[in-house]
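Residue numbers (the UniProt record's numbering): 1 to 189. Every residue, glycine too, gets a C-beta built ideally from N, C-alpha and C. Note that the structure is a prediction, hence the values are computed from the model and not measured. The structure appears below as structure tokens.
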Amino acid sequence: MALNLSLSPSMVVVVDTSSSSSSSSSSYLTRSGSSSRVITKNGNNSVSNLNLSLSFRSVRKSASVVTVRSSLETTGPTVTVGQVTEVNKDTFWPIVKAAGDKTVVLDMYTQWCGPCKVIAPRFQELSEKYLDVVFLKLDCNQENKPLAKELGIRVVPTFKILKDNKVVKEVTGAKFDDLVVAIDTVRSS
Numbered sequence: 001m002a003l004n005l006s007l008s009p010s011m012v013v014v015v016d017t018s019s020s021s022s023s024s025s026s027s028y029l030t031r032s033g034s035s036s037r038v039i040t041k042n043g044n045n046s047v048s049n050l051n052l053s054l055s056f057r058s059v060r061k062s063a064s065v066v067t068v069r070s071s072l073e074t075t076g077p078t079v080t081v082g083q084v085t086e087v088n089k090d091t092f093w094p095i096v097k098a099a100g101d102k103t104v105v106l107d108m109y110t111q112w113c114g115p116c117k118v119i120a121p122r123f124q125e126l127s128e129k130y131l132d133v134v135f136l137k138l139d140c141n142q143e144n145k146p147l148a149k150e151l152g153i154r155v156v157p158t159f160k161i162l163k164d165n166k167v168v169k170e171v172t173g174a175k176f177d178d179l180v181v182a183i184d185t186v187r188s189s
């Protein structure tokens, strides 16, 4: 069953996934003005990804809050719309696969890279602008070296743009305008 809701400004949707088990989780889809955000917490306050095959028990609407009771299964890592999500060698591919046909932009950086630090705030701005794109960042440190090698990084920063689990574009260096053109090209394809 699909649930389509039109959110008015300042409306909150609460997905209550409480069950008979001791742990429960809730998702809050909020809208303030033109931006939306999904916040998901389970019983131990960790953020998780949601399998959105819902079986609804009830839907209740009061004022500007819609509460949806369901039996959601929570699995894996998640991303927040409008934010850049830090990934590592273990979380990168599950997030890319979960993104499906959405465009994914990965910022591959290091802590010591000056140009990486300069472009990071502008990359965050892009994540706030393109709400239909998943923005990720990967610290190419020793721990993540296998993934960096798999993705073929040669310089930092490198931006990999993926679609359908495949790298389709790459921008090397802190070239903001080139990155915007590449994102627009992949989004429109």
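Under DSSP, Asp107 takes part in a beta bridge, and its partners are Lys137 and Phe159. In this structure, DSSP gives Thr91 a state outside helix and strand, which the three-state scheme calls coil.
Under DSSP, Glu170 shares a beta bridge with Lys160.
Under the DSSP assignment, Thr185 falls in the alpha helix (DSSP H) whose first and last residues are Phe176 to Arg187. In the structure shown, the three-state DSSP call for Val81 is coil.
The DSSP-derived three-state label of Glu128 is helix. Note: Glu86 is bridge-paired with Lys137 in the DSSP secondary-structure output. Taking C-alpha positions only, Val81 is separated from Asp132 by approximately 8 Å. Shown here, Ala99 sits in coil according to DSSP, grouped into three states, outside any helix or strand. In the DSSP assignment, Leu151 falls outside any alpha helix (DSSP H), carrying neither H nor E. Under the three-state reduction of DSSP output, Cys113 falls in the coil class, being neither helix nor strand.
For Pro157, the number of other beta carbons within 10 angstroms of its own is at least 16, and it is reported as buried.
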